[in-house]
């Protein structure tokens, strides 16, 4: 909730006005993150019968057949930061996760809607099992689905209880990742030093090689084309995800269009043009773009093939 919004004003007993929510430092955001939003009070929620949480769910389910919960780990714990402090000075605040999940499952059933929990980043032990036990879908991103040996997961090793996607708004687009645009931004903003640049660049080279190898598992993908052409790499990635066991596959608009720049760079405000870049065309005709139309068709065909395979 926005600390200056109507919910914060009308639900003062259930929100913590002097804390903001964020994320601790990690490999992608070394300074941590502060999101500028207020957190529910665990005690306030219980004291009021979780009224604010239930009202929030019902308000969203009333208008959609599905709900995506950003940072679903917040149902168990949130990284909270005192006002005027840095993200490094925060701490975890724990919530009655089992109660919240029961209420979420109940409202989902009442509204006949699916729930997707964005479970990326630092996930508490056991939370994914709790989500799966309530039929709440997780989220798997192509760029992260690697084994300990650095190989990308085979198509049939992807889970059947999580959405699959090429990327997210907080990550580089597939095109940007392929060309190390995210590393270039970190260099430009002074977020990484020279040894880290070298380490990341060498690691990215190995990752690109591993992705080519994974994509070539699909007989419709040709490794020489993937090696030499970004468009073929994007097409092959779409087919690859389409053939996984994921119940849903999400193709971000930026990856459908082959855009290089990412929408948002976490941990930045004015230094990166977050949410300010214009897309290459009018909204009504974006999916008429040849590349986007081709990738959507490739995805539809791959999904049908996966469905026939798994029947």
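In the working numbering, the protein residues as written are 678 to 988.
We put the beta carbon where it would ideally sit given N, CA and C, even for glycine.
None of the values given here were measured: they were computed from a predicted structure.
query: Cβ-based burial, residue 842 [other Cβ within 10 Å; buried from 16]; result: buried
query: CA-to-CA distance, residue 838 to residue 941, given in whole angstroms; result: 27 Å
query: Residue 799 and residue 750 closer than 9 Å at C-beta; result: yes
query: Residue 763 - partner residues in DSSP beta bridges; result: DSSP output for residue 763 lists no bridge partner at all.
query: Buried versus exposed, by CB contacts within 10 Å (16 or more), residue 771; result: exposed
query: Meets three-Cβ-pair contact criterion under 8 Å: the region 778-785 and the region 817-826; result: no
query: Start-to-end residues for the beta strand (DSSP E) that takes in residue 842; result: 839-842
query: Residue 958 burial status per 10 Å Cβ neighbour count (16 or more: buried); result: exposed
query: Which of helix, strand or coil DSSP assigns to residue 771; result: strand
query: Sufficient close CB pairs (3 or more, under 8 Å) joining the region 942-952 to the region 876-895; result: no
query: Beta-carbon separation (whole angstroms), residue 924 vs residue 844, contact threshold 8 Å; result: Wrong, their Cβ atoms sit about 19 Å apart, outside the cutoff.
query: Option in 895, 879, 802 with minimal Cα separation from residue 754; result: 802
query: Own chain residues within Cβ distance below 7 Å of residue 856, not counting five before or after; result: 937
query: Those residues which DSSP pairs with residue 717 across a bridge; result: 692
query: Residue 730 to residue 719 span [Cα, whole Å]; result: 11 Å
query: Beta-bridge partners of residue 741, as assigned by DSSP; result: Beta-bridge pairing links residue 741 to no other residue.
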